[in-house]
Structure formats: C-alpha cells, structure tokens
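Written out below as structure tokens is the structure these notes cover.
Protein chains in written order, with this note's numbering: chain A, 2 to 513; chain B, 2 to 513.
Laid out in structure tokens, this is it:
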C-alpha cells in the first residue's frame, strides 16, 4: 500500500473513502520551497473538517512541552516513594498524531515568528521579519484563513495572548514587508472582516511614528462595523448576534499583552476563556477556523524565565481542552492542530551543575513573572537605590532563593545560593544599579542578553537550581511538534517542513 | 473509527486485516509502569515483520538529528544566494512515522542508558544504572531479543560502536543490578548464543577487579562455540556458515570503542559495514532482529563536541541506509525503527552570543574528535609543558580557531577568537597544565565537567562560534524521536512512554 493511500485511510473513516484528487504542489515559488522535504506530495480527501483549531505555542517545541509535563509530574510525585513516577501528559501530548516540523526560514536556521507563521498560514518560506510576502517583497501570499473565509464561507477567529497585531496573529490576515509595520497591520486586521479577534491590545494604535499620530485603530474598527470590547463584563455577554468583534483583555500586562498565566488574577480571563467565547460566537453550520496563539511562551523563553514558560504552556493546554470539549460534540467534523512556530531560548531540562538530577519543584517558589518583577520591584530599586540586602529579601519572597544569611534552619538546601551563585547575583545587581546598565560587553551579553541583569540572573539561578537551563535569548533550530486529533489528523505524521502544515491543511480543506 | 482501529489499518494492508487479539498490558510490575501514558492499549496485528532493525542513537534526540540535518544543509548552501535553502533530511527523517518517546526512568527525568535500554528491550522502567532488573534487584526481565530467539527462532545481531558489554548492547542480553558489572555482562553475552555481535572491544575482559584476573572472555566465548574475529580481513570473509560470531573492530579508539566517524581512516570499517555484514550472516527465512547502537553520539555529546556528534549521527544514518537497502528487497516483511535512548548534552542549535545566526560551516574546520585531540596532543602538552603559543598553532590546525596573532588577512573572521574567548581558552590551558588539573570548584565544573579543560573549551568556543551550545555534560529529559518504516510502523505514532516501544514491538511480533 502506498504511503499516500495509507495517509488517506488513516485520515478518513473507511466507509467514506472517496478519492477526489491528488494535488501536487508544483506551482509554488521555486526559490522559497525546500527541495529536500520528504513529503512533497499530499492528498485531498473528501471529508474536510468543518471546524479547525490551530493552536500555536509561540516558541514552543519539545523542551517547553516536556518541561511542563515533567513539572506537573514532579509536583504530583509521592514524597514517600523513591521510584519516580514520571511526567503528566498534557492534553495535546495524548493526540494520536505527533509529528515534527522543521522551522528554518529564508534567512536563518533560527527563524522568527513572522516568517514561520507565514509558512504555516501560506506554505511559503520567506525572510525573517516578513509577513506573507516573498523575499523580494513583491509577491503577496493569501493566507489559509482568508481562503477559508472567501472560498468556503468559514467564520474566522484569531486569538492571542500578545498584541493582536503582533507577528503571529498578523500572519493570518496581513501582508507586510516588515512585522514592525504595526499600524498597517492593524489596518489590515480591520479590513479582514474576520468575525472574532481576542487577546492583547493593538500596538501603535495611533501610528508607528509617535510624532505623526494617525486615526485610532479601534475607532476605525468601529467605523468598519466591528464591536470593540475592552471589559470582561461585556465580553461575557457577547454573542454571535453581535457580529464582528474585537475583544481586548481588560487587564493588560507588559507591552499591552494579556498577563502571564503566572501573574493572572483568579477572576481574570485567560486564554481558555477567549477560546470558549470564540467557540460560542463562531459556531455555525458552514464552519469556522480558529487560530489561537500562546504568545507569551515565547516571551518567557526569550527572558529565560522557566517558571513562566511552564505556566503559559499549561495555560495553552487548558485552552486546547476547550477545543477538545467542542471536538467531542463534533468528532467527525473537527480537526485540532497544536504546534509551535519555532523553539525559543534553547531550553533544556538538564544543566551542567545538576548532572542527572532535576529539582523541578523548586519552581513552585516563583510567585511572578520576570516581567512583573521588573515592573513591580526592579523599577523601584533603581529609583530608590535599594540596598542589596533588601533586594535579597524580595528574591526570597518571590523566588524562594535563600542566602546563608536569610535562610532558616529547615529550609530546602537546594534553594540556598552557593558562594558562586551569590557572586553572580551580586554582580548582576551592581550592573542593574549602575549608570551604564544597558551597555553590554561580550560576557555580559551572554549572561544577560538585553534583559535586566538582576532579574535574568535570578531566573537563571532558579532555573539552574531546578535542573533547567537556557542557552540563548533568541530562537533555535529545533523542530516543533505537530499534534493532531480529529478529521485529517494522520496527514500530519512524520518529520517534514513547516510549509507542509499549510499544504496539508489547504488540501484537506480544499482551498486553493 | 476508534484510535485502535486506525492504528491497525494504517499498520497493515487493508486486504490483510485480520484482528486476532487485543492485548492490554495489565500484568506489568505496577510500581514501574507510568499510570499516565496515553497509549496503554496496543494491538497485535497479523502481519508480524520477519526482519526487524532497531537503531539506537545513544544520546540522540531532536537536537542531534536536526543539527546533523542543518549542518548538511549549511555545507550544501549556495554561496551566491541570500536565500537559505535549509536542511538536508537524513534517511530516517523521511520515514513515514516519526513519533516521540518519553525517557524518564525510576531515578530521574534525566535517565541513563542502562534503564532506558531496559525500557526499550523489556517494557519496564527501572533505576538508572540497572540492566533488565526491577528496582529491588529481585525480578529479572526477559528481553525482546531473548524472546524472539526463544519463541520464534529469530537470529539475533547486536552491533555497537562502543564496547559490546556497554549498557545499551548489554540491555539486549544481560540482567544485572549494575551496568558496571562488565565481566558478568560479558559472561551473559557469551551465554546468549546470539548469532552476531559486532563493534567495540569487550571491557574488563579478564574481570572487573584487576587484582583478581579471571578467565579471558574471548577465550570463554570460543569455548562456547563463538568465532571471535579481530581483523577486517577475517570479518570481510565471514559468512553465515561460520556460526555464532563476535567481531571486534580492528582499529580501536578511546576505551576500546570503534573510532569516532570523524577520526576513522578511509579503509576502516564503520558502523554501516558491520550492519551490512550483519545482514549477510543473519539473513534467513525464519527472521532476524538486529539492534544497532550509535554509541559515540552520546560520548561526543557528554564531551560537548558538536563536530563529532554530527559526524557520528550521519554515520548512524549511513548504517540505516544499509537497512533500507534490505527493506527494499523485503518491503512487506521488514520493520526499521530508529530511536534514541535519551538526549545527551542539552544540545541547542542557537547560542546567546550568536542570536538568530548560525555559522555551521565553521565546524568543517574540526579535523578530529575531542578524544583524539586529548590522546594525540594534550597528553604531550602535559608531558612537555608545551607553551600556549604552540598549543594555539595546533588549535588553528585542528579546529580552525584563530587569534589576532596567528590569523591571516583573509581568514574567516567568525573563527577569530575575541578577547573574551581568548581569555577563556588561556584559563583552560592553565587549568589543564596545572598540578590540580582534575580538581573542580563549582564554576570550573560548570565550565569543564570532568573533561580536559583545554579540549572542552576549544570545542565550546568552536560550537558557540558556529551557533551551537551544550548546557550539560550529562543527559536531559527531552523526548527522543521514534522513526518507523515498514510493517507495523504506524504503531509508533504519537507521543508516548518509551516502554511502549517494547510493548508495540512485542505485540506486533507476537512474543510474550
């Protein structure tokens, strides 16, 4: 039996197999297609799912997924047993198909979110920073979401924990030479007429150049028929009858994004709440496509904050659970895909200083994200020239890290700073408090990236004492997992180029 | 359609579907089985493959695979194009099924090769360091290879680039509380009566206690009917008619292992040659099972030597190609599995100092493995108190790294040491040349592990300048890829516990 036939059989109910066509992707821009990819041929099958969820964990690959899974296992481990009982599987890890996608773009093996989301939404490679345009910035690519709306009449939902005109969500409706054209991206968002946007605030809402303010994007959205909602109360009352809607989080955090899962208040809407509401307003007999981005997994990994990475990965999985509830009501008509765009941070569960051991429960001591520590604490330290001793008290309170001076007799010794670690933290404090705190020589850049030296050193030390490490403040070339469940899931088996995620989706959904 | 049925359909030709039985793994040691694993139920199908290849890249997970793939792509990249053409797929990356297996053992999320190979060969978790026994060291587990020999009469081949009584090969025939019982493991190897062993020399061939020598294992092997071969000439003339055979590499390297692929001479037998010969001598109408370990991927990763890691990963893939040639002659009767036991080194393609860039072609300048540099150069430096200037000349010759003093005007500037890197190298040289060179404080342990400071700093700098980093000298918790092609391949889809690799194999092959 051919591989093609196997894929089709696994992707459809046997009784419903009707082969209609086999599309070979021959018409693609030849400069931007991988010649080597092992799955160049894909198949159209008859049973196109009506309801498609595409979850993208920005910066989420195997390390982020396994770290969250191991963390949950470590927290649940029985203390009275010497036998490790292992990880707890996230919902999407249990999907029947778990393939891998290669993420390089036309610029680098370590690609960015604009180009990789372009690959997912259009099937093309392009340069880092570019959204749905080719390498010459002359050809514009139509996205899977635009095609589904135009060709099949599917309703479209775009949800992100970061700004709705940030690279990943933008790649489903915008076409720009630069991801930094936030205002132009916002205009395209408004013109998309997609039914449901939800997440972080629009960036550069009155233009990219502060000195030349332009019309407010929210006002333009309303003029174009969008209902713009900025409170949870209004959001909770939203129904499909309200028409096209943009829902902005009531509580906003760094750069206008939604809060890190670790920082969110109990009653604050989380990613799963926006997905649940999205299902309510988008559900219809023709079909819908929903892209849901866990955007702050990436931000946490950039900052090398393992605790926040894990919490936001779990939050993404809780959002997947909402899609699963819908799936169980429409199992033969629904496809759920969960993937990442690239890996961020070079996260490893394992560190030179801890050898074969991990101490993942140490991370339970982290009470807030690096970003909230920056805004709620470090800003004040700089203004008030707070002495190191007082900073250490906050480090103890918020991250559980102790020193020989402020530890108690019964404290977890794995959380007590060694002399080496103490010196690293003191040097970082000095750098943060110094006049030239943003300047970096090579050693400092490797240690701190462009982050606040004090904060990133705190998370580095807590990560390392937990048995976790990051190797970069940027992205890496690790493939991402592609988890699939439902109608057509088997198309996503194997190890292939990320452009094939689009190819398979387009063929499955029969859009061109 | 149920997940189970889907798996069966995808695993067999439709016309041949005969459901014979569904085995639920209910009888396993309850203390050592993951409760959470999403694929507890597996299926027996009718068409059991006659010929099974199980390739294990020791320490090989997604980072090692993608690094080799990206490296091949970087080397092949056209210099006159600004558009990156991406990675080159290894043979096994193109397999139709590429799942993931979780590797934790009863000791740690960062498990060792003894326990993980136990999981692959018996379906049980156990403590790190233990081979095919339970956590109390009272229950002995029979291995897949023993069962196949005993129950089905399959011929068995065990091949490794490291010592044949090292943990991974041992886990297919031995049962020992400690992987360090090399002599006892060697005795079990001889008693296994497996048809074909090939690879590195036996370790502790006259006993684990040098002061109490015991009978030579090779002599005992010959007494038990094994033909022991130690030259390539004899190996090349070996046929099935020679009976049970142990083939030891003619050229041996560190610890009696086969050479790193990077160090092997042109006419020296490589892993693929031992596989090719194995196919010749094991091929028979009843069936065979061959386990092939790329053991030095792990050793190279422990030492944070990216160049050797990549070369040995490619060498493993070349060995897979031999299995593929056999597969194409017996496509409906062959199953090829390629997996790892765990990830080693926390390898990342991406590094804090290089941001979104990689310079993988820098690695082409590495002429030998860290181990060969240790033996051929560093040993002499210590004896001769070689000055740093002369060492730098060797570093230039063997790794391509230059200094401001010995660079030429047209040299690749990406290979010139910065002041920061020069200082790191000088400090490492001083440490290597010092009286207390094997003592380590915390900072030194993080920098050097237990490796030669000079050598590991050279590879660190070359790695980092290539855009690669390692985060540990030990193992990590990253899942491993499970690549499957041939009869029953679809059973290995998804993200599941490593014990299920055994479960699926045993059910597929109908052994108990």
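Backbone N, C-alpha and C fix where the C-beta goes; we use that ideal spot for every residue, glycine too.
Distance, residue 155 of chain B Cα to residue 84 of chain A Cα = In the first chain, residue 84 of chain A corresponds to position 83, counting from 1. In the second chain, residue 155 of chain B corresponds to position 154, counting from 1. Approximately 35 Å between the Cα atoms of the pair.
9 Å Cβ cut-off: residues of chain A touching residue 500 of chain B = Position 499 of the second chain holds residue 500 of chain B. Neighbours of residue 500 of chain B on chain A: none; closest Cβ ~10 Å, over 9 Å.
Anticipated Cβ contact below 8 Å, residue 402 of chain B with residue 416 of chain B, distance rounded = By one-based count along the second chain, residue 402 of chain B stands at place 401. By one-based count along the second chain, residue 416 of chain B stands at place 415. Indeed, because the Cβ distance is near 6 Å, the residues count as touching under 8 Å.
Could you work out which residues of chain A lie near residue 421 of chain B, taking near to mean beta carbons separated by less than 7 Å?
-> In the second chain, residue 421 of chain B corresponds to position 420, counting from 1. Result: 443, 444.
Straight-line Cα distance separating residue 204 of chain B from residue 465 of chain B | One-based indexing of the second chain puts residue 465 of chain B at position 464. One-based indexing of the second chain puts residue 204 of chain B at position 203. Straight-line Cα distance between these residues: approximately 34 Å.
Of all Cβ atoms in chain E, is any one closer than 8 Å to the Cβ of residue 237 of chain A?
-> No chain E appears in the structure shown, which is made up of the protein chains A and B.
Would you call the segment 211–230 of chain B and the segment 273–286 of chain B in contact, with 3 or more CB pairs under 8 Å?
-> The segment 211–230 of chain B makes no contact with the segment 273–286 of chain B; the number of CB pairs closer than 8 Å stays below 3.
Could you give the DSSP three-state label for residue 210 of chain A: helix, strand or coil?
-> In the first chain, residue 210 of chain A corresponds to position 209, counting from 1. Residue state, collapsed to three classes: coil.
Can you pull the chain A residues whose beta carbon is under 7 Å from the beta carbon of residue 480 of chain B, in chain order?
-> Position 479 of the second chain, counted from the first residue, corresponds to residue 480 of chain B. The answer, in chain order, is 63, 67.
How big is the Cα-Cα spacing for residue 86 of chain A and residue 76 of chain B?
-> Numbered from 1 along the first chain, position 85 holds the residue referred to as residue 86 of chain A. Numbered from 1 along the second chain, position 75 holds the residue referred to as residue 76 of chain B. Roughly 43 Å separates the two Cα atoms.
For residue 222 of chain A, which residues from the same chain have a beta carbon less than 7 Å from its beta carbon, with the 5 sequence-adjacent residues on both sides left out?
-> As a first step, residue 222 of chain A is located in the first chain; it is residue number 221 there, counting from the start. Cβ neighbours of residue 222 of chain A beyond the five flanking positions: 191, 229, 247.
Where residue 95 of chain A falls: helix, strand or coil (DSSP) = As a first step, residue 95 of chain A is located in the first chain; it is residue number 94 there, counting from the start. It is helical.
Where the beta strand (DSSP E) through residue 1 of chain B begins and ends | Outside the displayed range of chain B (2 to 513) lies residue 1 of chain B, so it cannot be described from this structure.
In its own chain, which residues sit with a C-beta less than 8 Å from the C-beta of residue 407 of chain B, not counting the 5 before and 5 after it?
-> For the purposes of this step, residue 407 of chain B is taken as the residue at position 406 of the second chain. Here the set comprises 393, 394, 397.
Taking the alpha-carbon positions, what's the residue 313 of chain B to residue 63 of chain B distance?
-> Position 312 of the second chain, counted from the first residue, corresponds to residue 313 of chain B. Position 62 of the second chain, counted from the first residue, corresponds to residue 63 of chain B. Between residue 313 of chain B and residue 63 of chain B, the C-alpha separation is close to 14 Å.
From residue 307 of chain A to residue 249 of chain B, what does the alpha carbon distance come to, in whole angstroms?
-> Taking the first residue of the first chain as position 1, residue 307 of chain A is located at position 306. Taking the first residue of the second chain as position 1, residue 249 of chain B is located at position 248. Approximately 46 Å, taken between the alpha carbons.
Quick check: the segment 102–121 of chain B against the segment 475–491 of chain B, are there 3 or more CB pairs under 8 Å?
-> yes
In the DSSP assignment, find the unbroken alpha helix (DSSP H) run with residue 1 of chain A in it and report its ends.
-> Any property of residue 1 of chain A remains undetermined from this structure, which presents chain A solely from 2 to 513.
Roughly how many whole angstroms lie between the Cα atoms of residue 493 of chain B and residue 322 of chain B?
-> Against the second chain, residue 493 of chain B aligns to sequence position 492. Against the second chain, residue 322 of chain B aligns to sequence position 321. Their backbone Cα atoms lie some 20 Å apart in a straight line.
Top-ranked residue by Cα proximity to residue 300 of chain A, from A:173, A:271, A:146, A:345 | Within the first chain, residue 300 of chain A is the residue found at index 299, counting from 1. Residue A:345 is the option with its Cα nearest to residue 300 of chain A.
Across which residues does DSSP place residue 177 of chain A in a beta bridge pair?
-> Against the first chain, residue 177 of chain A aligns to sequence position 176. A:132, per the DSSP bridge assignment.
With 16 as the cutoff for other CB atoms within 10 Å, does residue 46 of chain B come out buried or exposed?
-> Residue numbering aside, residue 46 of chain B sits at position 45 when the second chain is read from its first letter. Residue placement at residue 46 of chain B is flagged as unreliable, the pLDDT there being 46, under the threshold of 50; a coordinate-derived value is accordingly withheld.
Which class does residue 341 of chain B belong to by DSSP, given the choice of helix, strand or coil?
-> Working through the second chain from its first residue, we reach residue 341 of chain B at position 340. Looking at residue 341 of chain B - three-state DSSP - the assignment turns out to be strand.
Have a look at residue 510 of chain B and residue 468 of chain A and give me their C-alpha separation to the nearest angstrom.
-> In the second chain, counting from the first residue as 1, residue 510 of chain B sits at position 509. In the first chain, counting from the first residue as 1, residue 468 of chain A sits at position 467. Taking the straight line from one Cα to the other gives about 39 Å.
Going by C-alpha distance, which of A:378, A:79, A:59, A:51 is nearest residue 298 of chain A?
-> Here residue 298 of chain A refers to the residue found at position 297 when the first chain is read from its first residue. Closest by alpha carbon: A:59.
What are the residues that DSSP puts in a beta bridge with residue 335 of chain B?
-> Counting from 1 along the second chain, the entry for residue 335 of chain B is found at position 334. DSSP, once it has assigned bridges, lists B:52 as partnering residue 335 of chain B.
Across which residues does DSSP place residue 167 of chain A in a beta bridge pair?
-> By 1-based counting over the first chain, the position of residue 167 of chain A is 166. Residue 167 of chain A pairs with nothing; no bridge assigned.
Using a Cβ cut-off of 8 Å, pull out every chain B residue sitting near residue 476 of chain A, in sequence order please.
-> By 1-based counting over the first chain, the position of residue 476 of chain A is 475. The answer, in chain order, is 351, 357.
Reference residue 285 of chain B, options B:150, B:131, B:482, closest by Cα = What you label residue 285 of chain B is simply residue 284 of the second chain in a count that begins at 1. When only C-alpha atoms are compared, the closest one is B:150.
Could you tell me which uninterrupted beta strand (DSSP E) segments, each at least 3 residues in length, are contained entirely in the segment 232–297 of chain B, listed from first to last along the chain?
-> 246–249, 289–295
Pick out whichever of A:255, A:96, A:69, A:484 has its Cα sitting closest to the Cα of residue 350 of chain A.
-> Numbered from 1 along the first chain, position 349 holds the residue referred to as residue 350 of chain A. The shortest Cα separation from residue 350 of chain A among A:255, A:96, A:69, A:484 belongs to A:69.
Local conformation of residue 107 of chain B per DSSP, three classes = Residue 107 of chain B sits at position 106 when you count from the first residue of the second chain. Residue state, collapsed to three classes: coil.
Same chain only: Cβ atoms within 6 Å of residue 74 of chain A, ignoring 5 sequence neighbours per side | Taking the first chain and counting its residues from 1, one reaches residue 74 of chain A at position 73. For residue 74 of chain A, where only same-chain residues beyond five positions count, the Cβ hits under 6 Å are 87, 88, 89.
Between the segment 134–154 of chain B and the segment 165–184 of chain B, are three or more C-beta pairs nearer than 8 Å?
-> yes
Look at the alpha carbon of residue 67 of chain B and the alpha carbon of residue 206 of chain A, and state the distance between them as a whole number of angstroms.
-> Locating residue 67 of chain B in the second chain gives position 66, counting from the first residue. Locating residue 206 of chain A in the first chain gives position 205, counting from the first residue. Cα to Cα, residue 67 of chain B sits roughly 40 Å from residue 206 of chain A.
Counting pairs of Cβ atoms below 8 Å between the segment 493–508 of chain A and the segment 91–101 of chain B, do you hit three or more?
-> yes
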